[in-house]
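One structure is given here, and the rest of the page talks about it.
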Amino acid sequence: MNRAVDWFREFISEFSGSLSPDSWSLFGINFAHPALLLLLLLLPLWSWWRRRAAPQRAIPFSRASVLGLGPRPSLSWVRWLPWLRSLALAGFIVAAAQPRSGARAERVSSEGIDIALVVDISSSMLAEDFQPQNRIEVAKEKVKRFVVGRKSDRVGLVAFSGEALTQVPLTTDYPVVLTAIDNLQVGQLEDGTAIGTAIATAANRLRTAPGRSRVMVLLTDGENNRGAIDPRTAAQAAGTFGIRIYAIGVGSEGMAAVPVGRGLFGLRYENRPVKIDEALLTEIATNTGGRYFRAKDAQALQSIYEQIDALERSIVEARAYIRYTERFRWPLLFGLAALLGELALRARRGVLP
């Protein structure tokens, strides 16, 4: 008997390894451990062995009249006892196989992208050539929409002008990132455009990120005129860490209303030529495997973020999984009810052994 049990255990182990949890399905119900259902095939064998192995017992009484004083068996109810025991075992086996139904399918990324958003907040970002808003407000709106489209990517935020400062480290807490973007204001940092410092600051955050895909989205509207770090050197260092830089030059061509100081009624604007070092931004992006884009208006800026989203989305490997609703309680309750029914019959009907 022990050898048979050991053999069956080995058979169950090998058989279950070849089964997918979703391979046995009935009316939308599948089983986490379908191999356990094979135990149901042993119930008829167990019932036959139990009847065959049961000893034929005799009840010694001196007189037959004594039997009338004891419990009276009901043969019709006695025949139900093996069935109730088998039904109880069947319920327990089905419950152990863990029946379940799928609630819904979801998409998750097995490996997310690490994205550093680098936003220029120099005074020139107040230029009003993105009517009816200025550059900084339009940039914030489009960056937020880009963040909302993330699913499992880690996103960080770096603001820069004459200096650079990390506003949010890499995180999947998107509400925190969105709040930080809302709080970006021109004048928070020393004025100027330190592109090299901004790239170095963002690269320092990305280089230790656990993911293999690292992306920097650099948004600026000017030329590098501040900072001790050369933008090309910073980009070269970022490239050695596998960081791709997508650079976006913000601003219309020709002339734009740019703030030049404060007057009695607020900021004073003058029409000045728009200067963006496109050659530098193109070189930075190309040398790191990224791309350079020019956003001349709000619609173009939105289109650029959608292109970046499409370019990087293909890197993430996604897999589908199902969130299950467990259904083992019903067969478990059925088995308990059958077992309690058997015990109740034995107690109330006084079945003789």
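Under the numbering used here, the first residue of the sequence shown carries the number 153, and numbering increases by one thereafter.
All C-beta atoms, glycine included, are put in the ideal place defined by N, C-alpha and C.
These numbers were taken from a predicted model, which means no experiment stands behind them.
With distances taken between CB atoms, is the gap from residue i to residue j smaller than 8 Å?
i	j	result
I395	L370	no
R306	T324	yes
E375	A346	no
A386	M368	no
G308	V320	yes
S253	T477	yes
T349	I381	yes
A268	L189	no
I273	L330	no
K294	Q454	yes
E435	R384	yes
A437	R446	no
Residue range of the beta strand (DSSP E) that residue i falls in?
i	result
T438	Per DSSP, T438 belongs to no beta strand (DSSP E); it is in the alpha helix (DSSP H), 430–439.
Along the chain, where does the alpha helix (DSSP H) containing residue i start, and where does it finish?
i	result
D266	D266 -> not in any alpha helix (DSSP H); beta strand (DSSP E) instead, spanning 266–272.
P327	326–334
Q319	Per DSSP, Q319 belongs to no alpha helix (DSSP H); it is in the beta strand (DSSP E), 316–323.
A389	383–392
F298	287–300
Tell me whether residue i sits in a helix, a strand or coil according to DSSP, three-state version.
i	result
L491	helix
T477	strand
I181	strand
N356	helix
G308	strand
V468	Residue placement at V468 is flagged as unreliable, the pLDDT there being 44, under the threshold of 50; the coordinate-derived value follows with that caveat. Coil.
V338	coil
A499	helix
A345	Here residue 345 turns out to be Thr, not Ala, going by the sequence shown. Correct three-state label for T345: coil.
S313	coil
P362	coil
G442	coil
Identify every residue that forms a DSSP beta bridge with residue i.
i	result
I397	M368
V402	A447
N377	Bridge partners of N377: none, in fact.
A409	N423
F282	Q285
R251	One detail in the question is off: residue 251 reads as Pro in this sequence, not Arg. Its beta-bridge partners are F183.
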